[in-house]
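>
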Amino acid sequence: MTTPAPKGTGTITAPAGATFSRILGVGGYRPERVVWNAELVEAIDSSDEWIQERSGIKSRRFAAKDESVVDMSVAASHEALAMAGLEASAIDAVIVATVTHPFQTPAAAPIVADRLGIQAAAFDISAACAGYCHAISLASDMVRGGSARHVLVIGVEKLSDFTDLNDRGSAFIFGDGAGAAIVGPSDTPAIGPTVWGSDGAQWKAISQRDSWVDVRDQDLGWPAIGMAGQTVFRWAVWGMAPVALKALDAAGVRPEDLDAFIPHQANMRIIDAMIKQLKLPSDIAVARDIADTANTSAASVPLATERMLREGEAPRGGLALQIGFGAGLVYAAQVIVLP
Amino acid sequence: MAQSEQEILEGLAEIVNEETGLDTDSVQSDKSFTDDLDIDSLSMMTIVVNAEEKFGVRIPDDEVKNLKTVGDAVSFISKSQS
Numbered sequence: 243m244t245t246p247a248p249k250g251t252g253t254i255t256a257p258a259g260a261t262f263s264r265i266l267g268v269g270g271y272r273p274e275r276v277v278w279n280a281e282l283v284e285a286i287d288s289s290d291e292w293i294q295e296r297s298g299i300k301s302r303r304f305a306a307k308d309e310s311v312v313d314m315s316v317a318a319s320h321e322a323l324a325m326a327g328l329e330a331s332a333i334d335a336v337i338v339a340t341v342t343h344p345f346q347t348p349a350a351a352p353i354v355a356d357r358l359g360i361q362a363a364a365f366d367i368s369a370a371c372a373g374y375c376h377a378i379s380l381a382s383d384m385v386r387g388g389s390a391r392h393v394l395v396i397g398v399e400k401l402s403d404f405t406d407l408n409d410r411g412s413a414f415i416f417g418d419g420a421g422a423a424i425v426g427p428s429d430t431p432a433i434g435p436t437v438w439g440s441d442g443a444q445w446k447a448i449s450q451r452d453s454w455v456d457v458r459d460q461d462l463g464w465p466a467i468g469m470a471g472q473t474v475f476r477w478a479v480w481g482m483a484p485v486a487l488k489a490l491d492a493a494g495v496r497p498e499d500l501d502a503f504i505p506h507q508a509n510m511r512i513i514d515a516m517i518k519q520l521k522l523p524s525d526i527a528v529a530r531d532i533a534d535t536a537n538t539s540a541a542s543v544p545l546a547t548e549r550m551l552r553e554g555e556a557p558r559g560g561l562a563l564q565i566g567f568g569a570g571l572v573y574a575a576q577v578i579v580l581p
Numbered sequence: 157m158a159q160s161e162q163e164i165l166e167g168l169a170e171i172v173n174e175e176t177g178l179d180t181d182s183v184q185s186d187k188s189f190t191d192d193l194d195i196d197s198l199s200m201m202t203i204v205v206n207a208e209e210k211f212g213v214r215i216p217d218d219e220v221k222n223l224k225t226v227g228d229a230v231s232f233i234s235k236s237q238s
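Protein sequences, first through last, are from chains P and D.
Here the first sequence stands for residues 243 to 581, numbered as in the numbering used here.
Here the second sequence stands for residues 157 to 238, numbered as in the numbering used here.
Shown next as structure tokens:
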């Protein structure tokens, strides 16, 4: 049998992308209900003081029972579009980063797109607390690669649905919310190279307790997310500070050039220890949204960004280092120009 | 080169002092990290990582929970060095 030869009559037109990309706008959505530590302490035999000491968290927001990750995503997207000065029709792709959309399939992104009245490319990614920074990297490459002109990136979680309120190690850590960003073309570089990676050997450090199949076959209870706090703390502080420095280096930016440091809002103690490791100059604004938002996983970096800009903690057009890290274990960091 | 247990205790006391502000004299072998020194799990992890660096040893996460007293930590580090 002879091997077929290619026809060789057609040539592919290469996609034409933008030279550079930037974040054009960010938006956030925080559910209405404020849950103070006092509401959670009884179930875990703890106190407001104990929780604040260990996490810096004073309160968090929990979404309403009938409020979904899609609802929260849509609300945050409208804000991001408004800041970018764009109509939803300008969006070519929607990327939703989440681990709490409670459908194995389909993804949340197409439903979000539909709710925005568009039929853009739409898909979810699963990179937990690093999901937003992963999605920003993808969106930036899509804009530069020519597969989309404007990408809507959403980090959203309804962690209250996946939290065991009787688990001392995690009951007080998580919150709900959505953050969104629009990535589009730019005349100058405004999203630096992403430094990212994984350590799958530690996959059990933060994980849904049991697989859906085991839940079904062994009649196990609801598989909330569990966490080995000390292991995660060590990895986050001593493992992620070098990653943050690499992202600065890759972008050709010195620590003293930064206007803001926006780490994943995992735990105030992690943020403090990380700053110490990084030896960041003290004039750099540090995101501390965790105090009254708690850890919203994929939503934490965009929510913190939105807040810093809204409250004037960080300047529009300033340089920010953002880093996400979490279940997987996975991480991603990049330097960006704030919208 | 391996250090004496007394040297390790003194070094560890400095690390504990840096993390918690506790007086180095209060860091004695029979003291429990949690009950006597009131050190929580995250501070303990910071102490562990700094001890690894200072003494050139590896203290796995799983081992940390067995280090109940200052003396437990000193002997673990001492054994790891030899």
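A virtual CB, placed ideally from N, CA and C, is assigned to each residue, including glycine.
With 8 Å as the C-beta to C-beta threshold (strictly closer), list the residues of the stretch 220-233 of chain D near chain P in chain order.
Per Cβ criterion, the list reads 220.
> Quick check: the stretch 500-510 of chain P against the stretch 526-541 of chain P, are at least 3 beta-carbon pairs closer than 8 Å?
Yes, the stretch 526-541 of chain P touches the stretch 500-510 of chain P.
> By a C-beta neighbour count over all protein chains shown, 10 Å radius and 16 as the cutoff for buried, is residue 279/P buried or exposed?
Buried, because 16 or more other Cβ atoms sit within 10 Å of the Cβ of residue 279/P.
> Beta-carbon of residue 178/D versus every beta-carbon of chain P: anything under 8 Å?
No, because no Cβ of chain P sits closer than 8 Å to the Cβ of residue 178/D.
> Are at least three pairs of beta-carbons, each pair with one atom in the stretch 368-382 of chain P and one in the stretch 420-430 of chain P, less than 8 Å apart?
These segments touch.
> Can you give me, in chain order, the residues of the stretch 472-505 of chain P that have a beta carbon less than 7 Å from any beta carbon in chain D?
From the stretch 472-505 of chain P, only 472, 473, 475, 476 and 480 have a Cβ closer than 7 Å to chain D.
> Pick out whichever of 343/P, 464/P, 328/P and 547/P has its Cα sitting closest to the Cα of residue 313/P.
Per the Cα distances, 343/P.
> So what does DSSP say about residue 381/P, is it helix, strand or coil?
Note: residue 381/P maps to helix in three-state DSSP.
> Mapping the DSSP letters down to three states, classify residue 473/P as helix, strand or coil.
Residue state, collapsed to three classes: helix.
> By the three-class DSSP mapping on this structure, what secondary structure does residue 162/D have?
The answer is helix: DSSP assigns residue 162/D an H, G or I state.
> Cβ atoms of residue 322/P and residue 269/P: under 8 Å apart, would you say?
A contact, by the Cβ cut-off of 8 Å.
> Where does the unbroken beta strand (DSSP E) through residue 502/P begin, and where does it stop?
Run containing residue 502/P: 502-505, per the beta strand (DSSP E) assignment.
> Identify the continuous beta strand (DSSP E) that holds residue 565/P and give its terminal residues.
Per DSSP, residue 565/P belongs to the beta strand (DSSP E) from 561-568.
> For residue 336/P and residue 272/P, I'd like the C-alpha separation in whole angstroms.
Spanning the two alpha carbons is a distance of roughly 20 Å.
> Work out the CA separation of residue 399/P and residue 200/D for me, nearest whole Å.
If you take the alpha carbons of residue 200/D and residue 399/P, they lie about 30 Å apart.
> Could you tell me if residue 548/P is buried or exposed, where buried requires 16 or more neighbouring beta carbons within 10 angstroms of its beta carbon?
Looking at its Cβ environment, which holds 16 or more other Cβ atoms inside 10 Å, residue 548/P is buried.
> Check each candidate in 484/P, 512/P, 528/P and 396/P and name the one with the smallest Cα separation from residue 575/P.
Answer by Cα proximity: 484/P.
> Take every Cβ of the stretch 293-305 of chain P, pair it with every Cβ of the stretch 509-524 of chain P, and state whether three or more of those distances are shorter than 8 Å.
Contact between the stretch 293-305 of chain P and the stretch 509-524 of chain P is present, because at least three Cβ pairs lie under 8 Å.
> Have a look at 198/D, 165/D, 197/D and 196/D and flag the residue whose alpha-carbon is nearest the alpha-carbon of residue 182/D.
Out of 198/D, 165/D, 197/D and 196/D, 165/D has the C-alpha closest to the C-alpha of residue 182/D.
> Between residue 410/P and chain D, is there a C-beta pair that is closer than 8 Å?
No, no contact with chain D.
> Nearest chain D C-beta to residue 443/P closer than 8 Å, yes or no?
False, the Cβ-Cβ gap to chain D never drops below 8 Å.
> Judging by CA-CA distance, which residue of 159/D, 198/D and 190/D is the nearest neighbour of residue 217/D?
The candidate whose alpha carbon is nearest that of residue 217/D is 198/D.
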